[in-house]
Amino acid sequence: MSRRRWIAFAVIVLLIELAALTAVIIFKKHADAAVTPKKASVIEGSVIDVTEAADGGKSKEEKEQAKESTQAEQDSVSEEHLPADTGQSSESVSSEAAQAEQDSSDAGRAGVSEIQNGLQNLINTEYQAGGKVAVCTGRADESDMAMINGGAMQAASLIKLYVAGCVYENYGTVSSQESYSGETESLLSVMITVSDNTACNTLVTRLGNGDAQAGMAKVNQYCANHGFSDTHMGRLMLQPNDVDDNYTSVYDCCNYLKLANAGQLEGASRVLGYMQQQQRRSKIPAGIPSGVTVGNKTGELSDVENDAAIVYGGGGTFVLCVMSEDLSDNYGAQRFISRTSGVVYDFMEN
2 MSRRRWIAFA
12 VIVLLIELAA
22 LTAVIIFKKH
32 ADAAVTPKKA
42 SVIEGSVIDV
52 TEAADGGKSK
62 EEKEQAKEST
72 QAEQDSVSEE
82 HLPADTGQSS
92 ESVSSEAAQA
102 EQDSSDAGRA
112 GVSEIQNGLQ
122 NLINTEYQAG
132 GKVAVCTGRA
142 DESDMAMING
152 GAMQAASLIK
162 LYVAGCVYEN
172 YGTVSSQESY
182 SGETESLLSV
192 MITVSDNTAC
202 NTLVTRLGNG
212 DAQAGMAKVN
222 QYCANHGFSD
232 THMGRLMLQP
242 NDVDDNYTSV
252 YDCCNYLKLA
262 NAGQLEGASR
272 VLGYMQQQQR
282 RSKIPAGIPS
292 GVTVGNKTGE
302 LSDVENDAAI
312 VYGGGGTFVL
322 CVMSEDLSDN
332 YGAQRFISRT
342 SGVVYDFMEN
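Mapping of the sequence shown onto this note's numbering: residues 2 to 351, in sequence order.
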């Protein structure tokens, strides 16, 4: 091939390649123009694709109105799942609702003043046993109590509650003097459940390491330490009371039982357990409906009728103590104690 022909051939090939390249560029430009570009916006934390095709050719004003309408719908849905805006957290609203429900429940319960008035009326109209009678009662989880005729009275065997508490606070001292393993617990059991006097005297003497007077001093210190200011042990059980005697009050007994129920006294669960096994049930337990758990401790002398109890009622746990002394009618006093427990139970349950 001559030089001239070779140059002509090369030019033709170059022109063909340029034409092909131009065609490719033009095709790519038209393809890109056919595809609508996209942009992203964030609403409530999720990414939403927005295209010109989705806008449907709407004007700017129409687009803004549609956007505001969508936002309003989202706000409405969100508000359905939130409490009303009161400036309080959901926890606070829930707490106030629970408190309102409790207040509504409490509204139907008898108050302390109502119970006290009822007790005073009961004494005025039905008590005929002579001497003096005193009553105290209150819900175990409340501080206030209704009381008629407070102050120290002859304790009789109610003093054994305080002896038991003192023994549990000094258990090591007492149990170290056992004649057989488990004797201390056995003595405590019979002292409460059948009001055994010998068991009581043995425990008091061992509290004093063989000295009954020292043991009684320990019981009195125990009472002072726990605020039982009307309670005093001045003699052993069955001993003469011409020099000193054993005293307590309806208030001290109720307070003792409330502290025991709250677990604030040593050996509380055992004392309350023994009270539920009490064999003498003709006073406070006799006025409570059958099936209701009652733990009680009685006390009797020739002219004294006492009973202290904790009652686990359906409307809540409550304590009750009735004491009477200088009686002319012991049986009448027993019946009055039973009658009182029924009246108090109705107050506590309604």
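Idealized CB from N, CA, C, for every residue including glycine.
Using the C-alpha atoms, what's the distance from residue j back to residue i?
i	j	result
Ala157	Asn242	11 Å
Arg340	Ser182	42 Å
Glu127	Ala225	35 Å
Ser250	Ser187	27 Å
Gly343	Gly211	43 Å
Ser329	Val295	28 Å
Leu208	Glu115	43 Å
His233	Asp347	33 Å
Ala287	Gly228	30 Å
Gly131	Asp327	7 Å
Ile124	Gln117	11 Å
Gly152	Asp231	7 Å
Val136	Leu204	29 Å
Gln265	Ser144	14 Å
With DSSP run on the structure shown, which of helix, strand or coil describes residue i?
i	result
Val205	helix
Asn198	helix
Val191	helix
Ser42	Low confidence applies here, because Ser42 scores a pLDDT of 32, under 50, leaving its location unreliable; read the following figure in that light. Three-state result, Ser42: strand.
Ala111	coil
Arg281	coil
Ile289	coil
For residue i, list the residues DSSP reports as bridge partners.
i	result
Gln240	Gln240 is not bridged to any residue.
Tyr248	Gln155, His233
Glu326	Lys133
Thr299	Asp308
Met148	Cys137
Val320	Gly139, Ile311
Thr294	Tyr313
With a cut-off of 8 Å on the beta carbons, I'd call residue i and residue j a contact; round off their distance for me.
i	j	result
Val134	Asn150	7 Å
Asn262	Leu273	7 Å
Val305	Ser283	No, Val305 and Ser283 are not in contact; Cβ-Cβ is about 15 Å, not under 8 Å.
Gln129	Gly268	Actually they do not touch by this definition, with Cβ atoms about 39 Å apart.
Val293	Leu321	12 Å between Cβ atoms; not a contact.
Lys298	Gln279	7 Å
Between the Cα of residue i and those of the options, spot the shortest distance and give me the residue it belongs to.
i	options	result
Gln148	Glu18, Thr138, Lys219, Ser303	For clarity, residue 148 is Met in the given sequence; the question names Gln instead. Closest option to Met148, Cα to Cα, is Thr138.
Tyr172	Ser180, Ile160, Thr185	Thr185
Asn198	Leu237, Tyr169, Tyr163	Leu237
Lys161	Tyr313, Asp308, Gly316, Ser303	Asp308
Gly317	Asp142, Ile124, Ile13, Gln117	Asp142
Val164	Gln178, Val323, Ala200, Gln240	Ala200
Cys167	Leu260, Gly216, Gln129	Gly216
Gly235	Asn202, Leu266, Glu267	Asn202
Ile193	Tyr223, Ile17, Arg271, Met154	Arg271
Glu350	Ile289, Val205, Lys298	Ile289
Leu159	Tyr313, Gly315, Arg281, Phe319	Arg281
If you measure from the beta carbon of residue i to each beta carbon in chain C, is any gap under 8 Å?
i	result
Leu162	The structure shown contains no chain C, having only a single protein chain.
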